[in-house]
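2 protein chains.
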Amino acid sequence: MTSRPPRPRERGIPEATVARLPVYLRALQTLQDRGTATVSSEGLAGAAGVNSAKLRKDLSHLGSYGTRGVGYEVEYLIYQISRELGLTQDWSVAIVGIGNLGRALANYGGFGTRGFRIAALLDADPEVVGRTVASLNVRHIDSLEEVVRSKGVSIGVIATPGGSAQGVASRFVEAGVTSILNFAPVVLNVPDGVDVRKVDLSIELQILAFHAQRRADGDGHAHRSGLEVT
Amino acid sequence: MTSRPPRPRERGIPEATVARLPVYLRALQTLQDRGTATVSSEGLAGAAGVNSAKLRKDLSHLGSYGTRGVGYEVEYLIYQISRELGLTQDWSVAIVGIGNLGRALANYGGFGTRGFRIAALLDADPEVVGRTVASLNVRHIDSLEEVVRSKGVSIGVIATPGGSAQGVASRFVEAGVTSILNFAPVVLNVPDGVDVRKVDLSIELQILAFHAQRRADGDGHAHRSGLEVT
DNA sequence: ACGTGCTTGTGAAAGCACGCACAAAGTGGG
DNA sequence: CCCACTTTGTGCGTGCTTTCACAAGCACGT
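As structure tokens, then:
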């Protein structure tokens, strides 16, 4: 907002930082909704649940967007992080598997404020195909390739049972989708150049159980809190 | 199965390893279902999507459960990992927020084969309270404390809208729950000694978008695939 | 009984990530 | 104009993670 950034970035943001940027972004949006115009690293770090030095180092990877003695301008920083994450363009998302989880995803309107548009819902069950979910018509899985092409889908979400996941993934890849978010409890096999991220409910529970057990039998010392899925 | 483990473990499994154990466990169960009795580190690593040296080092933290020249006995290793993760005991789980996501979680029967029992479903909406979901009666959120006590709930799952999440978390903590799995898009504030893990759909999408953008504009070199949520 | 072949378990090195602590830089008051 | 105060950006030490490479160990055939 002040002047044009001299050197926007120089290729090479650490993976750990990338994983935290969305958290900062959300905290910033909350602040903006409250009418806050400026925030210090300390304040933002508190809202995001991280150390302030870590926050500053993370932000320094995108450029020098703060003002010493003052802090960061909320609106400007939102824009810079959004741009870095690629949210200034629209991403077209297709969800396969319209069970409870698929429906939850489809109805989860606020996908990081904007940047993501759910372009299609697909399922194999003839009972589900043809229904309307989140004001979208559920189409049959056989039309996956056609849908990807016509809607320009660039991100595929897999919310099917484990058994069907690999097949769907392969079809996504075949159709040219190179970003996949997998909710099915299987390890997907994809060629190089395809980016797969996995979200697994039972894995998270198992990690919690491990720490709970550790606290229970070892006992004595408490465990650090605020663990994040990074 | 052979002989009793001499030194089961010696307190201090790296966090990164703990996060991968559930993945190994699932891969092992898949192998067992196929009737495989023995597997090499190479084979298991392939099924779990990791480097075989990493797998061996991970397993070495639990003890020496392999046989050189042969590999690991599937059944025995399943038992050891389950025990380490604390899955040999039963964990009682309560889910708050029975929207689409809450229902998806409630119906997701195969919680890592076993170890987790969904003990209660809670919601604030009078429209939902009293209904039956996954053969459980949905109770009102006001009975949270009573339910935690009577059912011995040790893990709380929050699947509410963001606005209600902190309140629910505080009530869980107040009631003595020290493990929380949070699906709401907010940073929870909890005292030390409480373990919070967060699963956030839109954060995962944003990370995918970042890599996709990077591939698109920078282009040239492909990006490593098979990223996991660790 | 012994050698061959395969696989584990682990020392060592390289790479990352985190957090402290401070210099650099900007603001505002006098 | 200068000084005191605030907050950013970062150099550096520390500890964790990953990967390589190989010695140690076990099974099996002869």
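Protein chains in written order, with the working numbering: chain A, 28 to 257; chain B, 28 to 257. All residues carry an ideal CB built from backbone N, CA and C; glycine is no exception.
Nearest residue (CA-CA) to residue i, options the options
i         : options                                       : result
Ile-185/B : Ser-177/B, Gly-194/B, Lys-178/B and Gly-179/B : Gly-194/B
Pro-49/A  : Glu-231/B, Gln-240/B, Arg-241/B and Ala-243/B : Glu-231/B
Ile-40/A  : Leu-71/A, Ile-168/A and Ile-108/A             : Ile-108/A
Leu-128/A : Asp-60/A, Phe-237/A and Asp-227/A             : Asp-227/A
Leu-112/A : Arg-53/A, Arg-241/A and Arg-61/A              : Arg-53/A
Ala-43/B  : Lys-81/B, Leu-55/B and Gly-73/B               : Lys-81/B
Ser-13/A  : Leu-71/A, Glu-69/A and Val-123/A              : An answer regarding residue 13/A cannot be provided, because it is not within the stretch 28 to 257 covered by chain A.
Val-175/A : Asp-244/A, Phe-210/A, Gly-190/A and Ala-202/A : Ala-202/A
Asp-222/B : Ala-121/A, Val-77/A and Ile-234/A             : Ile-234/A
Tyr-135/B : Pro-212/A, Ala-72/A and Val-180/A             : Pro-212/A
Ala-74/B  : Ala-236/A, Pro-188/A, Val-214/A and Gly-76/A  : Val-214/A
Lys-225/B : Phe-210/B, Tyr-103/B and Gly-183/B            : Phe-210/B
Thr-187/B : Ile-125/B, Gly-62/B and Val-155/B             : Ile-125/B
Ala-239/B : Leu-104/A, Ser-206/A and Arg-61/A             : Ser-206/A
Val-120/B : Gly-183/B, Asp-244/B and Ala-243/B            : Gly-183/B
Arg-144/A : Arg-166/A, Gly-190/A and Gln-116/A            : Gln-116/A
Arg-241/B : Tyr-106/A, Gly-220/A and Ala-243/A            : Gly-220/A
Lys-178/B : Arg-130/B, Trp-118/B and Ser-79/B             : Trp-118/B
Ile-105/B : Val-155/B, Ala-131/B and Tyr-51/B             : Tyr-51/B
Gln-59/B  : Lys-84/B, Arg-47/B and Tyr-103/B              : Tyr-103/B
Ser-229/A : Gly-189/A, Asp-244/A, Glu-173/A and Asn-216/A : Gly-189/A
Asn-216/B : Ala-72/A, Arg-47/A, Gln-56/A and Leu-55/A     : Ala-72/A
Lys-84/B  : Arg-47/B, Pro-153/B and Ala-243/B             : Arg-47/B
Asp-244/A : Arg-110/B, Ser-79/B and Thr-57/B              : Arg-110/B
Reduced DSSP secondary structure (H/G/I, E/B, other) of residue i
i         : result
His-250/A : Annotation note: pLDDT 45 at His-250/A (below 50); position unreliable, no value reported.
Pro-212/A : coil
Pro-32/B  : With a pLDDT of only 38 at Pro-32/B, under the threshold of 50, the placement of this residue in the model should not be trusted, and no figure is reported.
Ile-207/A : strand
Glu-100/B : strand
Thr-63/B  : coil
Gln-76/A  : The sequence given here places Gly at residue 76/A; Gln does not occur at that position. Note: Gly-76/A maps to coil in three-state DSSP.
Gly-70/B  : helix
Pro-41/B  : coil
Arg-47/B  : helix
8 Å contact criterion, which residue i and residue j should meet: CB distance rounded
i         : j         : result
Val-160/A : Ala-133/A : 5 Å
Leu-149/A : Leu-171/A : 6 Å
Leu-86/B  : Gly-93/B  : 7 Å
Leu-90/A  : Ser-67/A  : It is Gly, not Leu, that sits at residue 90/A in the sequence shown. Wrong, their Cβ atoms sit about 18 Å apart, outside the cutoff.
Val-200/A : Pro-218/A : 7 Å
Val-180/A : Ala-146/A : 6 Å
Leu-114/B : Gly-142/B : 3 Å
Phe-237/B : Val-77/A  : Not really, about 18 Å apart at Cβ, beyond 8 Å.
Ala-131/A : Ala-131/B : 5 Å
Val-155/A : Arg-166/A : The Cβ separation is near 10 Å, so there is no contact.
Distance cut-off 7 Å: residue i Cβ against heavy atoms of the ligand GTP
i         : result
Asp-222/B : Because no ligand of any kind appears in the structure shown, any question about the ligand GTP cannot be addressed here.
Along the segment 49–72 of chain B, what residues have a CB closer than 9 Å to any CB found in chain A? Pro-49, Val-50, Leu-52, Arg-53, Ala-54 and Thr-57
When you check each C-beta in the segment 127–157 of chain A against every C-beta of chain B, which residues fall closer than 7 Å? Asn-127, Leu-128, Arg-130, Ala-131, Leu-132, Asn-134, Tyr-135, Phe-138, Gly-139, Gly-142 and Phe-143
Start-end ranges of the alpha helix (DSSP H) lying completely within the segment 162–236 of chain A, minimum 4 residues: 171–178 and 189–201
Report the residues of the segment 74–97 of chain B with a CB closer than 8 Å to any CB of chain A, ordered along the chain. Ala-74, Ala-75 and Gly-76
At what residue ranges does the segment 78–164 of chain A contain a whole run of the alpha helix (DSSP H), taking only runs of 4 or more? 79–87, 101–112 and 127–134
Beta carbons nearer than 9 Å to chain B: which residues of the segment 222–233 of chain A have them? Asp-222, Val-223, Arg-224, Lys-225, Val-226, Asp-227, Leu-228, Ser-229, Ile-230, Glu-231, Leu-232 and Gln-233
Report the residues of the segment 167–182 of chain B with a CB closer than 9 Å to any CB of chain A, ordered along the chain. Ser-181 and Ile-182
Short of 9 Å Cβ to Cβ, which residues in the segment 181–206 of chain A face chain B? Ser-181, Ile-182, Val-184, Ala-186, Gly-189, Thr-205 and Ser-206
Got a sec: which bits of the segment 104–126 of chain A sit with their beta carbon under 8 Å from any beta carbon on chain B, in order along the chain? Glu-111, Leu-112, Gly-113, Leu-114, Gln-116, Trp-118, Val-120 and Gly-126
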